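Asks: Right, I'll just put the structure down here and ask away after.
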Amino acid sequence: MKTALIISGWGVSKNLLDPLVEQFKEVGYQATVIDIFDPFSDEAFKKTYALAFMSDVIVGWSLGGQLATWLALEIFEKENIRKPVICLASNPSFVRRENWQYAMPLSDFESFRNGYDANEKAILKQFYLNICRGEEQLKQNWQFILKHVDTLSIDQLKMGLGLLESLNLVDNLKDSSLDIHYIFGDEDTLVPCQVVGDIGKLSAKSITTTVLQNVSHAFPIFHVQETLQAIQKFLCSLE
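Residue numbering for the sequence shown follows this note's numbering, beginning at 9 and increasing consecutively.
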């Protein structure tokens with residue numbers, strides 16, 4: 009059986025992706041899910057690099073998608089091996105740049121970060137609501153996350169906020185030869201699905217996109233079957 013490494017997103021513990029992990033077996037993959045990591049920490053990077061190198065595909069949700077892409081770029085540079093990447097509700101840059109407009113304005117991100125510094129619990133609660141916006145059962149899904157999310161360390165959360173602000177993979181992906189598939193939700197309020205146009209311009213040959221209808225940023229949690237169908241279609245295209 010082939011293997012997949014899945015990286016969760018900021019603020020959301022890996023256990024919430026367990027149903028997706030389990031469903032990967034349906035497409036012939038044994039999946040392992042991990043929380044976000046610091047790519048600038050030698051110890052954390054080496055450990056995760058080893059996991060990614062041994063995997064047949066690297067998957068990431070939100071910030072995890074950026075980290076999955078980072079790992080694949082590093083593996084290609086060091087080993088000249090192309091690992092396919094699947095980015096779920098992710099963006100090459102989460103913060104708007106001069107060369108990347110479909111992203112969160114820096115002022116909005118700074119407001120969010122300052123709010124987190126002032127009242128961590130309240131901001132996390134609001135964040136969980138925001139990632140569910142666009143769902144028909146908004147309140148029910150929000151309460152599900154509040155009930156089941158594991159407590160994450162303050163250090164990990166602050167590290168992740170720094171990555172969300174600083175990571176910009178736009179230039180890294182220009183004319184990239186990596187097979188990368190971005191899956192978006194058309195109701196996502198954090199990563200606008202309109203970014204598909206700009207992503208398609210980065211590398212017309214190897215970067216592809218899918219937009220799922222009527223789903224939020226949290227579609228990997230609440231729409232496992234639709235997510236898996238899009239993943240399977242991409243994986244089959246590589247065979």
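Every residue gets a Cβ at the ideal spot worked out from N, C-alpha and C, and that includes glycine.
Just so it is clear, the structure is predicted and the values come from calculations on it, not from any experiment.
Can you tell which of Gln240, Leu243, Thr217, Phe242 has its C-alpha closest to the C-alpha of Ala97?
Replies: Of the candidates Gln240, Leu243, Thr217, Phe242, the one whose C-alpha sits nearest the C-alpha of Ala97 is Thr217.
Asks: So, with DSSP's three-state summary, where would you put Ile44?
Replies: Ile44: coil per DSSP, three-state reduction.
Asks: For Ser101, I'd like the list of residues in its chain whose CB is within less than 6 Å of its CB, leaving aside the five on either flank, ordered along the chain.
Replies: Closer than 6 Å at Cβ, skipping near neighbours: Trp108, Ala111, Asn176, Val178.
Asks: State the DSSP-derived secondary structure class of Tyr124, mapped to helix, strand or coil.
Replies: Here Tyr124 sits in helix by DSSP.
Asks: What residues in its chain sit with their C-beta under 8 Å from that of Arg141, if we drop five residues either side in the sequence?
Replies: Here the set comprises Glu195, Thr197, Ser224, His225.
Asks: Residues bridged to Gly193 by DSSP?
Replies: For Gly193, which the question treats as bridged, DSSP gives the partners Leu220.
Asks: Looking only at its chain, what residues have a beta carbon closer than 6 Å to the beta carbon of Trp78, apart from the 5 residues adjacent to it on each side?
Replies: Cβ within range, chain order: Pro47.
Asks: On the DSSP letters alone, give me the boundaries of the beta strand (DSSP E) that Thr11 sits inside.
Replies: Run containing Thr11: 10 to 15, per the beta strand (DSSP E) assignment.
Asks: Please state whether DSSP places Ser214 in a helix, a strand or coil.
Replies: Three-state DSSP puts Ser214 in coil, outside helix and strand.
Asks: Check the DSSP bridge columns for Tyr37 and list the partner residues they point to.
Replies: DSSP output for Tyr37 lists Lys10 as bridge partner(s).
Asks: Let me make sure I understand the geometry here. Which of Ser214, Ile188, Leu246 has the alpha-carbon closest to that of Gln74?
Replies: Looking at the Cα atoms, Ile188 is the closest of the given residues.
Asks: Which term fits Pro113, buried or exposed, when burial requires 16 or more other beta carbons within 10 angstroms of its beta carbon?
Replies: With fewer than 16 other Cβ atoms within 10 Å, it is exposed.
Asks: What does DSSP give as the partner residues of Met112 in its beta bridges?
Replies: DSSP, once it has assigned bridges, lists Val103 as partnering Met112.
Asks: Counting Cβ pairs closer than 8 Å, one from the stretch 28 to 45 and one from the stretch 84 to 91, do we hit at least three?
Replies: No, they do not touch.
Asks: Going by the beta-carbon positions, is the gap between Leu24 and Val157 smaller than 8 Å?
Replies: Yes. Within cutoff.
Asks: Considering only the beta carbon of each residue, do Phe117 and Ile131 sit closer than 8 Å?
Replies: Going by C-beta atoms, Phe117 is not nearer than 8 Å to Ile131.
Asks: Following the continuous alpha helix (DSSP H) through Leu59, name the residue where it begins and the one where it ends.
Replies: Per DSSP, Leu59 belongs to the alpha helix (DSSP H) from 50 to 61.
Asks: In chain order, what residues of the same chain lie with their CB nearer than 7 Å to the CB of Ala76, ignoring the 5 residues before and after it?
Replies: Contacts found: Ile15, Ile66, Val67, Gly68, Val93, Cys95.
Asks: Could you spell out where the beta strand (DSSP E) holding Cys95 opens and where it closes?
Replies: It spans 93 to 96 - the beta strand (DSSP E) in which Cys95 sits, taken as one unbroken run.
Asks: In this structure, what does DSSP give as the bridge partners for Trp69?
Replies: Note: Trp69 sits in a beta bridge opposite Leu96.
Asks: If you check the beta carbons only, do Leu210 and Ile191 fall under 8 Å apart?
Replies: Contact: no.
Asks: In its own chain, which residues sit with a C-beta less than 6 Å from the C-beta of Thr56, not counting the 5 before and 5 after it?
Replies: Phe45, listed in sequence order.
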